[in-house]
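Read through the structure below, which is laid out as structure tokens, and then see the notes.
In the numbering used here, the protein residues as written are 1426 to 1605.
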């Protein structure tokens, strides 16, 4: 499949099929030719793009569509993003994107997105993401509207007892082995 497949959903999160202790599958796609670099694999910049497209698919699924953004004058801004590259991906590799919500408050959410080879189920990369809900008139953080907060709370409730993923909350640095 060449274009991302956004999984079907109901407006404003109604009908979200959320299961306790299971990550939410939000998108399936394949590595595109324009994402390939001179090393013959997906360039680092396109990992972020692929994760961003998956996050947009999640937003659409919970009701935070472009129409909703225009109608209510709201959006989201990324506050912090951490990428972890686990395994290279190459042209036409099938990808599945899953989300685990790590935290939520009235204005922000914290997700870990997983890029998985949809043919082998191997983890390829993760993106840890903290975003804020924004009032686009004031360009400041604003509380989620109740119709948007409800599906986010539903996801958070389903994920609250899941183990903390190894890739979440990591700090960057060169890991050194202890001297013998």
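Don't be surprised by glycine CBs; every beta carbon is placed ideally from N, CA and C.
- Looking at the DSSP output, residue 1509 sits in a beta bridge with 1551.
- Between residue 1480 and residue 1538 the beta-carbon gap is near 7 Å, inside 8 Å, which marks them as a contact.
- In the three-state DSSP reduction, residue 1473 falls in the helix class (H, G or I).
- As the crow flies, the alpha-carbon of residue 1467 is around 4 Å from that of residue 1461.
- Your pair residue 1455 and residue 1509 does not check out as a contact, with CB atoms roughly 21 Å apart and the cut at 8 Å.
- Across the structure, residue 1590 and residue 1494 are spaced so that their CA atoms are roughly 31 Å apart.
- Going by DSSP, residue 1584 is part of the alpha helix (DSSP H) stretching over 1571-1584.
- According to the DSSP assignment, residue 1455 belongs to the beta strand (DSSP E) that extends over 1449-1455.
- Beta-bridge partners of residue 1526 (DSSP): 1536.
- Shown here, residue 1521 sits in a strand according to DSSP, grouped into three states.
- Only residues of its own chain outside the window of five on either side were considered, and among them 1583 have a CB closer than 6 Å to the CB of residue 1445, listed in chain order.
- Between residue 1553 and residue 1492, the CB-CB gap reaches or exceeds 8 Å.
- Within its own chain, no residue has a Cβ closer than 6 Å to the Cβ of residue 1585 once the five positions on either side in sequence are excluded.
- Scanning 1577, 1555, 1448, 1515 for the CA closest to the CA of residue 1469 turns up 1515.
- Sequence-distant partners of residue 1524 (beyond 5 residues in either direction) whose C-beta falls short of 7 Å from its own C-beta, in its chain, are 1448, 1449, 1451, 1483, 1536, 1538.
- DSSP places residue 1497 in the uninterrupted alpha helix (DSSP H) bounded by 1491-1497.
- Comparing alpha-carbon positions, the option among 1500, 1598, 1474 lying closest to residue 1534 turns out to be 1500.
- In this model, residue 1565 and residue 1475 are separated by some 27 Å (Cα to Cα).
- Taking each of 1601, 1519, 1588, 1503 in turn and checking the Cα distance to residue 1544, the smallest one comes out for 1519.
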